[in-house]
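J.: This is the structure I want to talk about, given as structure tokens.
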Amino acid sequence: MTSVSLGIPSVKTPPPVLAPRRKTRKVKLGSLYVGGDAPISVQSMTTTPTHDINATLQQIAELTAAGCDIVRVACPRQEDADALTAIAAKSPIPVIADIHFQPKYVFAAIEAGCAGVRVNPGNIRRFDDQVKDIAKAAKDHGTALRIGVNAGSIDQRMMKGDRVTPEALVASAKWEASLFEEHDFHDFGISVKHNDPIIMVEAYRQLSAEGDWPLHLGVTEAGPAFQGTIKSSVAFGILLGEGIGDTIRVSLSAPPVEEVKVGNQILQSLNLKPRKLDIVSCPSCGRAQVDVYTLADEVTEGLKHLEVPLRVAVMGCVVNGPGEAREADLGVASGNGKGQIFVKGEVIKTVPEAEIVETLLAEANRIAAEMGEDAPSGGAPSVSVS
Numbered sequence: 001m002t003s004v005s006l007g008i009p010s011v012k013t014p015p016p017v018l019a020p021r022r023k024t025r026k027v028k029l030g031s032l033y034v035g036g037d038a039p040i041s042v043q044s045m046t047t048t049p050t051h052d053i054n055a056t057l058q059q060i061a062e063l064t065a066a067g068c069d070i071v072r073v074a075c076p077r078q079e080d081a082d083a084l085t086a087i088a089a090k091s092p093i094p095v096i097a098d099i100h101f102q103p104k105y106v107f108a109a110i111e112a113g114c115a116g117v118r119v120n121p122g123n124i125r126r127f128d129d130q131v132k133d134i135a136k137a138a139k140d141h142g143t144a145l146r147i148g149v150n151a152g153s154i155d156q157r158m159m160k161g162d163r164v165t166p167e168a169l170v171a172s173a174k175w176e177a178s179l180f181e182e183h184d185f186h187d188f189g190i191s192v193k194h195n196d197p198i199i200m201v202e203a204y205r206q207l208s209a210e211g212d213w214p215l216h217l218g219v220t221e222a223g224p225a226f227q228g229t230i231k232s233s234v235a236f237g238i239l240l241g242e243g244i245g246d247t248i249r250v251s252l253s254a255p256p257v258e259e260v261k262v263g264n265q266i267l268q269s270l271n272l273k274p275r276k277l278d279i280v281s282c283p284s285c286g287r288a289q290v291d292v293y294t295l296a297d298e299v300t301e302g303l304k305h306l307e308v309p310l311r312v313a314v315m316g317c318v319v320n321g322p323g324e325a326r327e328a329d330l331g332v333a334s335g336n337g338k339g340q341i342f343v344k345g346e347v348i349k350t351v352p353e354a355e356i357v358e359t360l361l362a363e364a365n366r367i368a369a370e371m372g373e374d375a376p377s378g379g380a381p382s383v384s385v386s
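If you count by the UniProt record's numbering, then the sequence shown holds residues 1 to 386, one letter each, in order.
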């Protein structure tokens, strides 16, 4: 079939962003930075017993492969604290120790070489009295801290009434930040998490107006995978769209790799991270002349290995199909038992419906091979199914 030029410009323009990113201080965390002009990072937390060093390192490796930038590990017992040295030394990404209740574990994590320590001022005994020594130890070892204020364990001194408000979360964070700054320690970020996205968003808005601290975004205890994904996506979309946020953790009652996938997809959707595999597909309707659900799933599964930015569109009918397919790197517009295959805006062939998936996968792999050398570091393919 003869190719037809559709006049699609070949000039690459920068992707649009929603708002300028808020200026924050830049804090070193192991091999990377948080805040300032550093890329917004994705975090998760291991679910293994930290004292099981091999299992924890295995899960960290899986998280890293999924695109996790920073990992947090729990440290509720002495045996967990004893394992931190090995984990911090062998982890391919920065390790943050998550400390509650026992201040001695803060010092243990710092001495173990963890890149960072999350401290919860709401439940660490006599935390205010420990700040001077914690600040000195962290400064001496080059360890970053996160003041992690959480609605479920907020400092009761900040409460007015029986409900945790945005104002209470911010007041607690600011108070602890001021104590560290009094001791000339500034290498810390802050989080003010709540399980209600609306309260969480307002707390971060207020906090962002009060100082230049790097902000770790999170909807705490967001729930099972579906509900938690929605809550986090809504809250992060609002804040990141306003330029607020330097690192994110999607909290799900699901395997931690799923948190990383959702977090990266949120950043990619907002053009805050180079897109990888991007599937654009229509929701299907009475006009669809192919099984769009199956087609989209098969294309996604067949291309998940690609590591270049590629957009593939899979369309179920002729209403929006040709237009969407032309906007993608690769696409198909289906109808009457056939599929028109588009590459870079031009029809290259028409194939029977039974050959659509096979043809798309072959063309995608060919394009990916050509793009490989020029793809940005960390970039990955994008498939669009409509």
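Backbone N, C-alpha and C define an ideal beta-carbon position, used for all residues, glycine too.
Please read all numbers here as calculations on a predicted model, not as lab measurements.
#1: Evaluate I367 with the Cβ neighbour count: other Cβ atoms within 10 Å of its Cβ, from every protein chain shown; 16 or more gives buried, anything less gives exposed.
#2: When burial is assigned at 16 or more other CB atoms within 10 Å of the CB, is H172 buried or exposed?
#3: What would DSSP say about A83, mapped onto helix, strand or coil?
#4: Using the C-alpha atoms, what's the distance from L267 back to G148?
#5: Considering only their Cβ atoms, is the gap separating G339 from T359 smaller than 9 Å?
#6: Can you tell me which of V42, A66 and R72 puts its alpha carbon nearest to the alpha carbon of T56?
#7: Using three-state DSSP, classify G189 as helix, strand or coil.
#8: Going by DSSP, what residue range makes up the alpha helix (DSSP H) through S269?
#9: On the criterion of 16 or more Cβ atoms from any shown chain inside 10 Å, does C68 qualify as buried, or is it exposed?
#10: Run through DSSP, which three-state label would H141 get?
#11: What runs of the beta strand (DSSP E), each 3 residues or longer, lie entirely inside the region 195-252?
#12: State the DSSP-derived secondary structure class of N120, mapped to helix, strand or coil.
#13: Specify whether the region 257-267 and the region 227-239 touch according to this definition: at least 3 beta carbon pairs, one from each stretch, less than 8 Å apart.
#14: Which first and last residues belong to the alpha helix (DSSP H) in which P166 is found?
#15: Quick one: is S334 buried, meaning 16 or more other Cβ sit within 10 Å of its Cβ, or exposed?
#16: Judging by CA-CA distance, which residue of R21, S44, T220 and G116 is the nearest neighbour of A138?
#17: In chain order, what residues of the same chain have a beta carbon less than 6 Å from the beta carbon of P214, not counting five sequence neighbours either side?
#18: Is there a Cβ from chain B that is less than 9 Å from the Cβ of G331?
#19: Could you give the C-beta distance for R118 and R146, rounded to a whole number, given that I count them as a contact under 8 Å?
#20: For the beta strand (DSSP E) holding M315, just list the boundary residues, first then last.
#21: So, with DSSP's three-state summary, where would you put M159?
#22: Give the range of the beta strand (DSSP E) segment to which D98 is assigned.
#23: Which value, in whole angstroms, describes the spacing of the CA atoms of G211 and A151?
#24: Does the pairing of the region 182-197 with the region 215-223 give three or more beta-carbon distances under 8 Å?
#25: Determine the extent of the alpha helix (DSSP H) in which G372 is found, giving its start and end residues.
#26: Using 9 Å as the threshold, is the C-beta distance between V250 and L63 below it?
#27: Does DSSP put I40 in a helix, in a strand, or in coil?
#28: How long is the line joining the alpha carbons of A168 and D82, rounded to whole angstroms?
#29: For F107 and I70, I'd like the C-alpha separation in whole angstroms.
#30: Given 8 Å as the limit, is there contact between the region 270-280 and the region 306-320, that is, 3 or more CB pairs closer than that?
#31: Let me know if Q43 comes out buried or exposed under the rule of 16 or more other beta-carbons within 10 Å of its beta-carbon.
#32: According to the neighbour-count rule (16 or more other Cβ atoms, all chains shown, within 10 Å of its Cβ), is D128 buried or exposed?
#33: Assign T350 to one of three DSSP states: helix, strand, or coil.
#34: Around the C-beta of P94, are 16 or more other C-beta atoms found within 10 angstroms, so that it is buried, or is it exposed?
#35: Distance, Cα to Cα, V290 vs V332?
#36: Just the Cα atoms here: how many angstroms apart are V11 and V343?
T.: Judging by the given coordinates:
#1: Taking the first residue of the sequence shown as 1, we reach residue 367 at position 367. Around the Cβ of I367, a 10 Å sphere holds 16 or more other Cβ atoms; the residue is buried.
#2: For the purposes of this step, residue 172 is taken as residue 172 along the sequence shown, with counting starting at 1. One point to set straight first is that residue 172 is Ser, not His, in the sequence displayed. Residue environment: S172 is assigned as buried (16 or more neighbouring CB atoms within 10 Å of its CB, all protein chains considered).
#3: Translated into the one-based positions of the sequence shown, residue 83 becomes position 83. In the structure shown, A83 adopts helical secondary structure according to DSSP, grouped into three states.
#4: Numbered from its first residue, the sequence shown carries residue 148 at position 148. Numbered from its first residue, the sequence shown carries residue 267 at position 267. Computed Cα separation, rounded: 22 Å.
#5: Here residue 359 is taken as the residue at index 359 of the sequence shown, counted from 1. Here residue 339 is taken as the residue at index 339 of the sequence shown, counted from 1. Contact: yes.
#6: Numbered from 1 along the sequence shown, position 56 holds the residue referred to as residue 56. Ranked by how close their Cα comes to the Cα of T56, the residues V42, A66 and R72 have R72 in first place.
#7: Here residue 189 refers to the residue found at position 189 of the sequence shown. G189: strand per DSSP, three-state reduction.
#8: Along the sequence shown, read from residue 1 onward, the residue named residue 269 stands at position 269. Run containing S269: P256 to S269, per the alpha helix (DSSP H) assignment.
#9: Position 68 of the sequence shown, counting from 1, holds the residue named residue 68. Buried, by the Cβ-count rule.
#10: Residue mapping note: residue 141 aligns to position 141 of the sequence shown, counting from 1. Three-state result, H141: helix.
#11: 247-249, all fully within the region 195-252.
#12: Walking along the sequence shown from the start, residue 120 turns up at place 120. In the structure shown, N120 falls within a coil segment according to DSSP collapsed to helix, strand and coil.
#13: Between the region 257-267 and the region 227-239 there are three or more inter-stretch CB-CB distances shorter than 8 Å, so the stretches are counted as touching.
#14: Working through the sequence shown from its first residue, we reach residue 166 at position 166. Segment P166 to E182, the alpha helix (DSSP H) holding P166.
#15: Translated into the one-based positions of the sequence shown, residue 334 becomes position 334. Counting of Cβ neighbours within 10 angstroms places S334 among the buried residues, the total reaching 16 or more.
#16: Along the sequence shown, read from residue 1 onward, the residue named residue 138 stands at position 138. From the listed residues R21, S44, T220 and G116, the smallest Cα separation to A138 is found for G116.
#17: Working through the sequence shown from its first residue, we reach residue 214 at position 214. Correct list, in chain order: T24, V27, V34, G35, G189 and D246.
#18: Structure shown: chain B not included; a single protein chain is present.
#19: For this step, residue 118 is matched to residue 118 along the sequence shown. For this step, residue 146 is matched to residue 146 along the sequence shown. In this structure R118 touches R146 by the C-beta definition: roughly 5 Å separates them, less than 8 Å.
#20: Position 315 of the sequence shown, counting from 1, holds the residue named residue 315. Run containing M315: R311 to M315, per the beta strand (DSSP E) assignment.
#21: Within the sequence shown, numbered from 1, the residue matching residue 159 stands at position 159. If DSSP states are grouped into helix, strand and coil, M159 belongs with coil.
#22: By 1-based counting over the sequence shown, the position of residue 98 is 98. Taken as a continuous stretch (DSSP letters only), the beta strand (DSSP E) holding D98 covers V95 to I99.
#23: Taking the sequence shown and counting its residues from 1, the one referred to as residue 211 is at position 211. Taking the sequence shown and counting its residues from 1, the one referred to as residue 151 is at position 151. The C-alpha of G211 lies about 21 Å from the C-alpha of A151.
#24: Taking a contact to require three or more Cβ pairs closer than 8 Å, the region 182-197 and the region 215-223 qualify as touching.
#25: Along the sequence shown, read from residue 1 onward, the residue named residue 372 stands at position 372. Run containing G372: none; DSSP gives neither H nor E here.
#26: Here residue 250 refers to the residue found at position 250 of the sequence shown. Here residue 63 refers to the residue found at position 63 of the sequence shown. No. Outside cutoff.
#27: If you number the sequence shown from 1, residue 40 lands on position 40. Three-state result, I40: coil.
#28: Counted from its first residue, the sequence shown places residue 168 at position 168. Counted from its first residue, the sequence shown places residue 82 at position 82. Going by the C-alpha atoms only, they are around 35 Å apart.
#29: The residue given as residue 107 occupies position 107 in the sequence shown. The residue given as residue 70 occupies position 70 in the sequence shown. For F107 and I70, the distance between alpha carbons rounds to 20 Å.
#30: The count of Cβ pairs closer than 8 Å, one atom from the region 270-280 and one from the region 306-320, reaches three, so the stretches are in contact.
#31: Looking up residue 43 in the sequence shown gives position 43. By the 10 Å Cβ count, Q43 comes out buried.
#32: Indexing the sequence shown from 1 puts residue 128 at position 128. Exposed, since its Cβ has fewer than 16 Cβ neighbours within 10 Å.
#33: As a working mapping, residue 350 is identified with position 350 in the sequence shown. In the three-state scheme derived from DSSP, where H, G and I count as helix and E and B as strand, T350 is classed as strand.
#34: On the sequence shown, residue 94 is found 94 positions in, with the first residue counted as 1. By the beta-carbon neighbour count (other beta carbons within 10 angstroms, threshold 16), P94 is buried.
#35: Start at 1 with the first residue of the sequence shown, and residue 290 comes out as number 290. Start at 1 with the first residue of the sequence shown, and residue 332 comes out as number 332. V290 and V332 have their alpha carbons spaced roughly 11 Å apart.
#36: Stepping through the sequence shown from its first residue, residue 11 is reached at position 11. Stepping through the sequence shown from its first residue, residue 343 is reached at position 343. Its pLDDT being 47, under 50, V11 is placed unreliably by the model, and the measurement read from it follows with that caveat. Take the alpha-carbon of V11 and the one of V343: they are about 16 Å apart.
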